[in-house]
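The structure under discussion appears below in the form of structure tokens.
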Amino acid sequence: TVAGDSISVGLGAALRTAVDDDIEVKVIGEPGTGLARADSFDWNARLVELARDFPPDVLVFSLGSNDAQDLVDADGDVVATVSDDVAWDAEYSRRLAAAFDAFEGTDTTVVWVGHVRTEEDRVGITNRHVHELAAALAADRDWVVVTDLAEMLGSGEDVAEACLVADGLHLTVDCLERAADSLASSAPIA
Numbered sequence: 449t450v451a452g453d454s455i456s457v458g459l460g461a462a463l464r465t466a467v468d469d470d471i472e473v474k475v476i477g478e479p480g481t482g483l484a485r486a487d488s489f490d491w492n493a494r495l496v497e498l499a500r501d502f503p504p505d506v507l508v509f510s511l512g513s514n515d516a517q518d519l520v521d522a523d524g525d526v527v528a529t530v531s532d533d534v535a536w537d538a539e540y541s542r543r544l545a546a547a548f549d550a551f552e553g554t555d556t557t558v559v560w561v562g563h564v565r566t567e568e569d570r571v572g573i574t575n576r577h578v579h580e581l582a583a584a585l586a587a588d589r590d591w592v593v594v595t596d597l598a599e600m601l602g603s604g605e606d607v608a609e610a611c612l613v614a615d616g617l618h619l620t621v622d623c624l625e626r627a628a629d630s631l632a633s634s635a636p637i638a
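Counting in our numbering, the sequence shown runs from 449 upward without gaps.
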């Protein structure tokens with residue numbers, strides 16, 4: 449199962465053709481979402497439901513490009529402002545941990561996929577920072593595997609210019625297919 453924002457939707461579509469025919473890929477991505485706006489879409493509640501009712505063998509989880517903003521709760525109240533780095537990091541880390549921890553004790557392996565740096569610094573720098581937070585949390589969770597689009601596509605911490613479409617945010621089909629091939633050939637998907 450592939451979950452996350454519009455980047456994950458594209459990755460999930462590419463992964464369907466990259467995996468062996470006996471592997472079923474479900475995509476439950478929600479474009480325009482992330483962990484910042486629980487009032488708009490609550491990924492933590494959705495993942496608890498998935499883990500309880502339909503735990504997949506592998507959950508590919510990828511988001512961040514919509515999260516360069518204040519963090520709000522389910523009622524729309526601001527919990528941490530983007531200008532308060534310490535509070536934002538603590539709350540975002542709590543939300544990421546809850547997403548990962550929904551699958552603790554299940555047979556699901558969570559594969560975190562970090563986003564590339566995009567053209568707009570506000571989004572691109574947040575993407576890379578979210579990846580750092582996720583990697584730190586995964587270090588203490590043996591059911592979470594960390595991967596990174598920036599590493600798979602060779603852009604590292606630089607703007608992934610060769611892989612971005614005209615909007616400067618989304619990835620080209622070619623780059624999505626390259627990332628999907630990389631995911632499909634590595635554990636736990638291979």
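Glycine residues also receive a C-beta, built at the ideal position from the N, C-alpha and C atoms.
Here the alpha carbon of T620 sits roughly 17 angstroms from the alpha carbon of D606. Annotation for A462: L624, E625, A628 place their beta carbon closer than 6 angstroms to its own, counting only its chain and skipping 5 residues before and after. In the DSSP assignment, L507 falls within the unbroken beta strand (DSSP E) covering 506-510. If you ignore the 5 residues before and after T574, its C-beta comes within less than 7 angstroms of the C-beta of G512, D515, A516, all in its own chain and listed in chain order. Here A582 has L544, W560, G562, V594 as same chain residues with Cβ atoms under 7 angstroms from its own Cβ, once five neighbours each way along the sequence are excluded. Scanning its chain for C-beta atoms nearer than 7 angstroms, with the 5 sequence neighbours on each side dropped, one finds around V467 the residues V473, A632, I637, in chain order. Straight through space, the alpha carbons of E539 and D533 are spaced by roughly 10 angstroms. Straight-line spacing of the CA atoms in V592 and G460 works out to 18 angstroms.
In this structure V558 does not touch F502 by the C-beta definition: roughly 14 angstroms separates them, more than the 8 angstroms allowed.
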